[in-house]
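Remarks on the structure that follows.
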Amino acid sequence: MDLPDSAVRHLQARRLRSGDGLVLFDGTGGEYTATLVDLQRRRAQARIDAHTPREAEAPVAVTVLQGISKGERMDYAMQKATELGVARIIPVISERCVVRLDSERWAKKQRHWQAVAIAACEQCGRNRIPSIDSPCSLEAGLAEVDSLPGVIFDTEGDRAARDLKPTEQLATLIGPEGGLAPEEIQRVADLGWQRIRLGPRILRSDTAPVAALAVIQTVIGDLG
């Protein structure tokens with residue numbers, strides 16, 4: 001089988017040769033042991049040898065509504081959230097979001113973020129790729145997760161992380177650089193979301209999803 005361009009570049013960087021063993025995945029679960037049979041400048045071919053039903057997914061499928069931030073902060077958030085087992089990321093345009101793009105550029109951003117998630121899966125050994133949605137308004141994002149229990153982490157939360165209850169699915173909301181507006185925090189509280197304390201310090205928009213997911217995975221996931 002022919003391998004995608006991204007894999008060709010990766011194999012060249014690793015200086016692999018014909019006959020070397022590979023582990024491949026298609027993003028839908030399990031892994032394939034394979035053998036590299038040809039590597040050219042712009043093309044690579046591999047032979048599939050066997051399928052292994054290995055899974056590396058967390059027991060709780062977390063959807064992150066991520067307030068869109070500028071520059072590389074979103075890339076970092078996407079990468080680390082993928083490493084920490086996020087199932088789905090919905091980039092949301094909240095009140096204090098300063099990034100404003102037309103639909104064509106938003107679509108380009110989505111494709112870029114999906115590529116970041118795929119690369120993170122390759123690095124961390126995940127074989128299921130998290131879904132990266134098209135950017136949308138906060139209200140539209142909340143509508144997407146209205147059937148899920150939700151938690152929001154903030155310095156004024158009235159619950160401790162240990163109060164998280166085991167669940168198969170969970171949603172959380174992370175603000176952009178300027179944070180969430182008080183009305184937005186109240187909005188999710190009115191929806192019944194738990195407000196969990198995440199320490200007295202204000203975290204950056206790219207640090208917050210890492211901390212939130214680490215807490216979730218430690219308390220009710222597979223890091224504990």
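For the sequence shown, the UniProt record's numbering gives the first residue as 1, with consecutive numbering after it.
Quick reminder that beta carbons are idealized off the backbone N, C-alpha and C, glycines included.
Quick caveat: nothing in here was measured; it's all calculated off a predicted structure.
Review point. Going along the chain, which residues of its own chain have a beta-carbon closer than 6 angstroms to the beta-carbon of R73, five neighbours each way excluded?
Key: The count along the sequence shown starts at 1 and reaches residue 73 at position 73. Only S205, D206 meet the Cβ criterion.
Check your understanding: Do the CB positions of H112 and D75 come within less than 9 angstroms of each other?
Key -> Mapped onto the sequence shown, residue 112 falls at position 112. Mapped onto the sequence shown, residue 75 falls at position 75. Yes, Cβ-Cβ distance for H112 and D75 is below 9 angstroms.
Practice item. Answer with buried or exposed for Q186, where buried requires no fewer than 16 other C-beta atoms within 10 angstroms of its C-beta. Key: Here residue 186 is taken as the residue at index 186 of the sequence shown, counted from 1. Exposed, since its Cβ has fewer than 16 Cβ neighbours within 10 Å.
Practice item. Tell me whether V210 sits in a helix, a strand or coil according to DSSP, three-state version. Key: By one-based count along the sequence shown, residue 210 stands at place 210. Three-state DSSP puts V210 in a helix.
Practice item. Drop a sphere of 10 angstroms on the beta-carbon of E183, count the other beta-carbons inside from all chains shown, and report buried for 16 or more, exposed for fewer. Key: The sequence position of residue 183 within the sequence shown is 183, counting from 1. It is exposed - the Cβ of E183 has fewer than 16 other Cβ atoms within 10 Å.
**Study point:** For G150, the residue or residues it bridges with in DSSP
**Key:** Stepping through the sequence shown from its first residue, residue 150 is reached at position 150. Residue pairing of G150 in beta bridges, as defined by DSSP: A171.
Exercise for review: Name, in chain order, the residues that DSSP records as bridge partners for P166.
Suggested key: One-based indexing of the sequence shown puts residue 166 at position 166. Beta-bridge annotation (DSSP): P166 is not paired with any residue.
Exercise for review: With DSSP as the reference, label C121 as helix, strand or coil.
Suggested key: Stepping through the sequence shown from its first residue, residue 121 is reached at position 121. It is helical.
Review point. Ends of the beta strand (DSSP E) at T33?
Key: Taking the first residue of the sequence shown as 1, we reach residue 33 at position 33. Looking at the DSSP string, the run of the beta strand (DSSP E) that includes T33 is 31-39.
Check your understanding: Between which two residues does the beta strand (DSSP E) containing G21 stretch?
Key -> One-based indexing of the sequence shown puts residue 21 at position 21. Segment 21-24, the beta strand (DSSP E) holding G21.
Review point. Is it the case that the Cβ atoms of Q194 and V62 are separated by a distance below 9 angstroms?
Key: If you number the sequence shown from 1, residue 194 lands on position 194. If you number the sequence shown from 1, residue 62 lands on position 62. Against a cut-off of 9 angstroms, the Cβ pair of V62 and Q194 comes out as no contact.
Exercise for review: Count the other CB atoms, across all protein chains shown, that sit within 10 Å of the CB of A34; report buried if there are 16 or more and exposed otherwise.
Suggested key: Within the sequence shown, numbered from 1, the residue matching residue 34 stands at position 34. A34 counts as buried, since no fewer than 16 other beta carbons sit within 10 angstroms of its beta carbon.
Exercise for review: Return the Cβ separation of A211 and L203 in integer angstroms, given the expectation that the two are a contact with Cβ distance under 8 angstroms.
Suggested key: Numbered from 1 along the sequence shown, position 211 holds the residue referred to as residue 211. Numbered from 1 along the sequence shown, position 203 holds the residue referred to as residue 203. For A211 against L203, the beta-carbon gap comes to about 6 angstroms, under 8 angstroms, which counts as contact.
Review point. For A81, which three-state DSSP category applies?
Key: Looking up residue 81 in the sequence shown gives position 81. Helix.
Practice item. Sort G178, R201, A171 by Cα distance to A189 and report the nearest one. Key: Position 189 of the sequence shown, counted from the start, is the residue given in the question as residue 189. Each of G178, R201, A171 was checked against the Cα of A189, and the nearest Cα belongs to A171.
Practice item. Measure the C-alpha to C-alpha separation of I216 and M1 and round it to an integer number of angstroms. Key: As a first step, residue 216 must be located in the sequence shown, where it is residue number 216. As a first step, residue 1 must be located in the sequence shown, where it is residue number 1. In a straight line, the C-alpha of I216 is about 39 angstroms away from that of M1.
Practice item. Tell whether a beta-carbon distance below 9 angstroms holds between P209 and T155. Key: Your numbering for residue 209 matches position 209 in the sequence shown. Your numbering for residue 155 matches position 155 in the sequence shown. Note that the C-beta distance between P209 and T155 is not below 9 angstroms.
Review point. Taking just the CA atoms, how far does P53 sit from I129?
Key: For the purposes of this step, residue 129 is identified with residue 129 of the sequence shown, where counting begins at 1. For the purposes of this step, residue 53 is identified with residue 53 of the sequence shown, where counting begins at 1. Computed Cα separation, rounded: 15 angstroms.
**Study point:** Whole-angstrom C-beta distance between L213 and V86, which should lie under 8 angstroms
**Key:** Mapped onto the sequence shown, residue 86 falls at position 86. Mapped onto the sequence shown, residue 213 falls at position 213. Confirmed, about 6 angstroms.
Practice item. Using the Cα positions of G67 and T167, report the straight-line distance between them to the nearest angstrom. Key: Residue numbering aside, residue 67 sits at position 67 when the sequence shown is read from its first letter. Residue numbering aside, residue 167 sits at position 167 when the sequence shown is read from its first letter. Looking at the backbone, the Cα of G67 and that of T167 are separated by about 24 angstroms.
Review point. What distance in whole Å lies between the Cβ atoms of H10 and G30, which are believed to be in contact at a cut-off of 8 angstroms?
Key: In the sequence shown, counting from the first residue as 1, residue 30 sits at position 30. In the sequence shown, counting from the first residue as 1, residue 10 sits at position 10. Contact doesn't hold; Cβ gap of about 20 angstroms is too wide.
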